[in-house]
Amino acid sequence: MDNSTKPLADRVALVTGGASGIGAAAARRLASDGAHVVIADLDGAGALTTAKKIAEAGGAAWSFECDQTKPDQVDALFDRLVEEHDRLDICVANAGWGRFGTFLEMPRRVWERTFEVNVTGTFAVCQEAARRMATAGNGGSIVVTSSSGAIEPVALFSAYCSAKAALNMMVKIMAYELGQYDIRANAVMPGVTETSMTNSLLAGDSRGYNEAESPLGRLGRPEDVADAIAYLASADSAYVNGAALLVDGGGSAYSPGWFGTDFRVRNNSGWTPRHQQFRFQDHGTR
Amino acid sequence: MTTLLEGRAALITGAGRGIGAAIATRLATEGARVAVNDLDEEAATATVDRIRSAGGQAIVVPGDIADADKAREIVAVAAEGLAGLDILVNNAGLVYRLPFREFTERHWDRVLSVNLKAPFVLSQAAVDHLAAGGHGAIINICSVAVIGFFRQIAYDASKGGLLSLTRSLAVELGREGIRANAIAPGFIDTDIGQTGDLDRIGQKTVATLPLARMGQPDDIAGAAAWLASDQAGYVTGQVMFVDGGWVRN
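From first to last, the protein sequence lines are chains L and B. Take 1 as the starting number for the first sequence in my numbering and just add one per residue. Take 1001 as the starting number for the second sequence in my numbering and just add one per residue.
What follows is the structure, encoded as structure tokens:
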């Protein structure tokens, strides 16, 4: 397809956390839809690699190393963006960070880091993006990568789930306040998706267990989430504002989480991966 | 013409006017063969004529889906006429706006028959066809009323039930490659949204919408086309609010 006839031709998109996983898939997808994509990531080399691959496939992409917990780095990102692009139409605020552990043993530093990256960092990026969109006057679409954990409590993920829940609320209020600038704000909530973030959690039998418990019988792929992001960035979703869309294969209707325990045992600090706690029928591995 | 749904066959109920007509038209534009149902045969035929004149493929399957036998016949005729069925859009619905104390059992039964029983019957009649193609999709048109509304008790209950039906179908049919999702339209510019005092209320409502406009049927059609397609391949059991940011979903 000729670039000028693509659905996002001449649009400028920012994707944070675009070096790998869901962010990289979103950057590739938006570029293939014709957008000029700026890829920001803490991992500058990874962002550059994603940008190069997009360029090799005929797309337009730039990379920028940015730690969104550092205000001066966010400023530098947007200074550069304004310098090189006369508009901003799409912001995919996707960068995130997480560690799991029991509430009783959660180090304060882990809790703080989770909120710094996921909440404060995402706020900073969304605020600058919204300001840029409002100034440019073309409206825009902001898509925040939340998590199914924002609405489903997942044992041992107190910091991560709380941070993602905060993002869902931020998105809804952005939707209210930014509507007058024709800027829409929505969230995608991936379920268990195959990325480097979930890699260690999906080791061994855990993979089969999670596949078996998903109504579609498979884990999510970064591309599944990227497809949803592309929809929310497109004109087809022109009246979708303040929504939080689960991309979880139906897991929210039928999902027990990563870790389980026997609640009958009091003062029990033992949590085991769910696949080890209960036997289940996995035709592949048992 | 684009090709998001090339080779797919779709049945859309209540597609003579409004949101249903917009969905049927959009699915056809995306390459699907569509069966257009409506209680009003003339309106369904008009939708089919418009789709055909734009180069799309469509057939008329008129009838009252509240009649279970008729509903099953509609699915059979659609699947026969389209040589298969991949997408079912349960869109037909009706509303009575009355205070709770004045709501009669007759009102209740009629609303529940059309808005909730018919999607169950149609989905059951269609399930083997949907499974056969390997990429079945059921889309139930709910409402922002799933999170609460007023003076339309049966409608609100039916849409809440339809959302639960959607989730159960998603869990039970996922392994057959069938996805089930709901759309919750907000204040949409159709004749169901503009009668009597609602029009007056409507003007006030628009002022409270972040996007400051009523939704158009095409806004819902955009969501339906996406949910029906492989683009939403990992999205099932969900409700997509298309309300311009109206409700606190």
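By construction, the Cβ of each residue, glycine as well, lies at the ideal position given by its N, Cα and C atoms. Predicted model only: the values in this text are computed from it and were never measured.
Nearest CA to the CA of Gly1031 (chain B): which residue from B:Leu1004, B:Ile1153, B:Ala1015, B:Asn1115?
B:Leu1004
What are the boundary residues of the beta strand (DSSP E) that Leu1165 (chain B) is part of?
Segment 1153-1173 is the alpha helix (DSSP H) holding Leu1165 (chain B); no beta strand (DSSP E) there.
Could you pull out every residue in the same chain whose Cβ sits closer than 7 Å to the Cβ of Ala129 (chain L), ignoring the five residues on either side in sequence?
Counting only Cβ-Cβ distances below 7 Å, and skipping sequence neighbours, we find Leu14, Leu88, Cys91, Ile142.
Classify Gln68 (chain L): buried if its beta carbon has 16 or more other beta carbons within 10 angstroms, exposed otherwise.
buried
With DSSP run on the structure shown, which of helix, strand or coil describes Asp282 (chain L)?
Confidence is the limiting factor: at Asp282 (chain L) the pLDDT is only 45, short of 50, which leaves the residue's position unreliable, though a coordinate-based value still follows. Note: Asp282 (chain L) maps to coil in three-state DSSP.
If I follow the unbroken alpha helix (DSSP H) through Thr145 (chain L), where does it start and stop?
Not the alpha helix (DSSP H): Thr145 (chain L) falls in the beta strand (DSSP E), residues 140-145.
Going by DSSP, what residues sit across from Ser158 (chain L) in a beta bridge?
In DSSP, Ser158 (chain L) forms no bridge with anything.
Answer with yes or no whether the minimum CB distance from Gly1244 (chain B) to chain L is below 8 Å.
yes
Would you check if the distance between the CB atom of Phe259 (chain L) and the CB atom of Ala155 (chain L) is smaller than 8 Å?
yes
Cβ of Ile1059 (chain B) within 8 Å of Cβ of Val1048 (chain B)?
yes
Just to confirm, is the Cβ distance from Pro222 (chain L) to Thr195 (chain L) under 8 Å?
yes
Kindly indicate which three-state DSSP category Leu30 (chain L) falls into: helix, strand or coil?
helix
Cα separation between Leu1098 (chain B) and Asp1156 (chain B)?
12 Å
Leu1116 (chain B) and Gly1161 (chain B) - do their beta-carbons sit closer together than 8 Å?
yes
With a threshold of 8 Å, are at least 3 pairs of Cβ atoms found where one atom belongs to the stretch 1216-1234 of chain B and the other to the stretch 1163-1183 of chain B?
yes
Are the C-beta of Ala233 (chain L) and some C-beta of chain B separated by less than 8 Å?
Taking CB atoms only, Ala233 (chain L) has no neighbour in chain B less than 8 Å away.
Could you say if the stretch 1014-1032 of chain B and the stretch 1100-1110 of chain B meet the contact criterion of at least three C-beta pairs nearer than 8 Å?
no
In this structure, does DSSP put Gly1196 (chain B) in helix, strand or coil?
At Gly1196 (chain B), the pLDDT of 48 sits below 50, so the modelled position is not reliable; the number obtained from the coordinates is stated separately. Three-state result, Gly1196 (chain B): coil.
Using a threshold of 8 Å, state whether the C-beta atoms of Ala1224 (chain B) and Arg1026 (chain B) are closer than that.
Yes, Cβ-Cβ distance for Ala1224 (chain B) and Arg1026 (chain B) is below 8 Å.
Comparing alpha-carbon positions, which option in L:Ala60, L:Asn94, L:Val38 lies nearest Leu77 (chain L)?
L:Val38
Quick check on the DSSP output: the alpha helix (DSSP H) that includes His1129 (chain B) runs from which residue to which?
1118-1133
At which residues does the alpha helix (DSSP H) containing Arg274 (chain L) begin and terminate?
Where Arg274 (chain L) is concerned, the enclosing alpha helix (DSSP H) stretches over 274-277.
From Ala45 (chain L) to Ser63 (chain L), what distance separates their C-alpha atoms?
Straight through space, the alpha carbons of Ser63 (chain L) and Ala45 (chain L) are spaced by roughly 9 Å.
Rounded to the nearest angstrom, how far is the Cβ of Gly250 (chain L) from that of Val1171 (chain B), given a contact under 8 Å?
Rounded, the Cβ-Cβ distance is 6 Å, consistent with contact.
Select from the stretch 240-269 of chain L all residues with a C-beta closer than 9 Å to any C-beta belonging to chain B, and list them in chain order.
Val240, Asn241, Gly242, Ala243, Ala244, Leu245, Leu246, Val247, Asp248, Gly249, Gly250, Gly251, Ser252, Ala253, Tyr254
Closer than 7 Å between beta carbons: that is the criterion. Which residues of the stretch 200-229 of chain L meet it against chain B?
Pro215, Leu216, Gly217, Gly220, Asp224, Asp227, Ala228
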